[in-house]
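What follows is a single structure, written as structure tokens, with notes after it.
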Amino acid sequence: MSRKCEICGKGQVSGNNVSHSNRHTRRKWNANIQTVKIDDNGTTRKAKVCTQCMRSGKVNRAI
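Counting from 41, one number per residue, gives the positions in the sequence shown under the working numbering.
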């Protein structure tokens, strides 16, 4: 399983750490992915969802 949101597809992005002396080092930023129980057409299942999708209401959480 990858570290991607199952709803919007958000995943890892890459860039550089830049020090004061302007040296560049490659690094990665991970999306805030949570495993939550969702209601999917009447059935309950676990899904990996980013927190922005949870906050915006794109996911129906199961009780």
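Think of the CB as a built atom: it goes at the ideal place given N, C-alpha and C, for glycine as much as any other residue.
Because the structure is a prediction, the values reported are computed rather than measured.
Next item on the list: Determine the extent of the alpha helix (DSSP H) in which C93 is found, giving its start and end residues.
Entry: 91–96
Item checked: Separation of W69 from K98, as counted between CA atoms -> 23 Å
Notebook entry, point to check: Excluding the five sequence neighbours on either side, which residues of its own chain have a C-beta within less than 6 Å of the C-beta of C48, listed in chain order?
Noted result: C93
Item checked: Whether I78 touches N56 by CB criterion (8 Å) -> no
Item checked: Nonlocal neighbours in the same chain, by C-beta distance under 8 Å from S54, ignoring five residues either side -> R66, R67, K68, W69
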